[in-house]
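Trainee:
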Amino acid sequence: MEEKHDETKLIKEDSDIVFETVEKSDTKRTLTKMEILAQLLLFLVAGYETTATTLHFITYLLAQHPEIQDKIRDEVNKVFVNEENGIKYEDISTFEYMNAVIDETLRIFPPATRLNRLCQKETIIDGIKFSKGTSFTAPIFAIHHDPEIYENPEEFIPERFLSDEKSSRHPMAFLPFGAGPRNCLGRRFAEYEIRVTLAWIIKKFKFLPANEKISWPLELDSAGTYESRRNFFFP
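Each residue of the sequence shown is one higher than the one before, counting from 504 in this note's numbering.
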């Protein structure tokens, strides 16, 4: 009797297909098994924790600023009228103020506080020579909180990311997803996921500050990703 296979579960043959596909690649260099496993782990960590943490911070800030929360809700209710039809992809771009709130949250609380890059060949920038193998760090948190770029950087002001003010800043002044050819691979998906999730939640619920006052600024843990040391919603 032929044994039935549950199509929802991975079996050994599935992983073999992945490795065989990489090994048969026509490119000069293929990924090793360890590199494949490392990338799978990165997909899990970068694709889950950072998005959840960002939503965590957004809901916290909206609870502290009810007037901003109401503006988002009004905007969502105008576009997201019929729950049965859900939210269409093209609707996301119409959430102008919500998008500004999300970007301002990512500015204050970037999921990654820095980016590291390795110089692949000898390079000269503004007369300064950088040898091959030189390691660089882009201090995302420091850039996002630079008072010369953002006035009163510790304050939550979503209007910074409305069209007029946003276009006046240098494109490298906002780097929550990195920049260049090695920026975050899942950026578009993360942006869509956060916007759809927030629209559904804010349409059905109202965020209120906890009875217990949480000190501000928050005590944060920046070991790898940027998150609060304590839970916002439970003691």
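For every residue, glycine included, the Cβ atom is placed at its ideal position computed from N, Cα and C. Quick caveat: nothing in here was measured; it's all calculated off a predicted structure.
#1: Excluding the 5 residues flanking R620 on each side, which residues of the same chain have their C-beta closer than 6 angstroms to its C-beta?
#2: Looking only at its chain, what residues have a beta carbon closer than 8 angstroms to the beta carbon of F680, apart from the 5 residues adjacent to it on each side?
#3: Going by DSSP, which residues form a beta bridge with A641?
#4: Using only alpha-carbon positions, find the residue among L544, K632, F708 and T616 that is nearest to L678.
#5: Measure the C-alpha to C-alpha separation of T554 and D649 and round it to an integer number of angstroms.
#6: Roughly how many whole angstroms lie between the Cα atoms of L543 and D577?
#7: Does the Cβ-Cβ distance between P712 and Q572 come in under 8 angstroms?
#8: Helix, strand or coil: which one does DSSP assign to T554?
#9: Mind checking E586: buried by the 16 CB within 10 Å criterion, or exposed?
#10: Give the straight-line distance between the Cα atoms of P656 and T535, rounded to the nearest whole angstrom.
#11: Can you list, in chain order, the stretches of the alpha helix (DSSP H) that have 4 or more residues and sit fully within the stretch 533–605?
#12: Cα separation between F737 and K709?
#13: Could you tell me the distance, in whole angstroms, from the CA atom of I595 to the CA atom of H559?
#14: Does DSSP put G630 in a helix, a strand or coil?
#15: Between the stretch 622–633 and the stretch 657–673, are three or more C-beta pairs nearer than 8 angstroms?
Mentor: In short:
#1: Working through the sequence shown from its first residue, we reach residue 620 at position 117. Cβ neighbours of R620 within its own chain (closer than 6 angstroms, five residues either side excluded): F639.
#2: One-based indexing of the sequence shown puts residue 680 at position 177. Once the five neighbours on either side are set aside, the close Cβ partners of F680 are N686, C687, R690 and A693.
#3: The residue you call residue 641 lines up with position 138 of the sequence shown. L618, per the DSSP bridge assignment.
#4: Taking the first residue of the sequence shown as 1, we reach residue 678 at position 175. Looking at the Cα atoms, T616 is the closest of the given residues.
#5: Stepping through the sequence shown from its first residue, residue 554 is reached at position 51. Stepping through the sequence shown from its first residue, residue 649 is reached at position 146. Roughly 24 angstroms separates the two Cα atoms.
#6: Taking the first residue of the sequence shown as 1, we reach residue 543 at position 40. Taking the first residue of the sequence shown as 1, we reach residue 577 at position 74. Near 39 angstroms, if we compare the C-alpha coordinates of D577 and L543.
#7: For the purposes of this step, residue 712 is taken as the residue at position 209 of the sequence shown. For the purposes of this step, residue 572 is taken as the residue at position 69 of the sequence shown. Contact flag unset, no.
#8: Position 51 of the sequence shown, counted from the first residue, corresponds to residue 554. T554 falls in the helix class under three-state DSSP.
#9: Within the sequence shown, residue 586 is the residue found at index 83, counting from 1. Its Cβ having fewer than 16 others within 10 Å, E586 is exposed.
#10: Along the sequence shown, read from residue 1 onward, the residue named residue 656 stands at position 153. Along the sequence shown, read from residue 1 onward, the residue named residue 535 stands at position 32. Their backbone Cα atoms lie some 44 angstroms apart in a straight line.
#11: For the alpha helix (DSSP H) assignment, the uninterrupted runs of no fewer than 4 residues enclosed by the stretch 533–605 are, from N- to C-terminal side, 536–547, 553–567 and 569–582.
#12: Looking up residue 737 in the sequence shown gives position 234. Looking up residue 709 in the sequence shown gives position 206. Note that F737 has pLDDT 39, beneath the 50 cutoff, so the model's placement of it is unreliable and no number is given.
#13: What you label residue 595 is simply residue 92 of the sequence shown in a count that begins at 1. What you label residue 559 is simply residue 56 of the sequence shown in a count that begins at 1. If I take the Cα positions, the gap works out to 20 angstroms.
#14: In the sequence shown, the residue the question calls residue 630 occupies position 127. G630: coil per DSSP, three-state reduction.
#15: Here the stretch 622–633 makes no contact with the stretch 657–673; the two share fewer than three CB pairs at distances below 8 angstroms.
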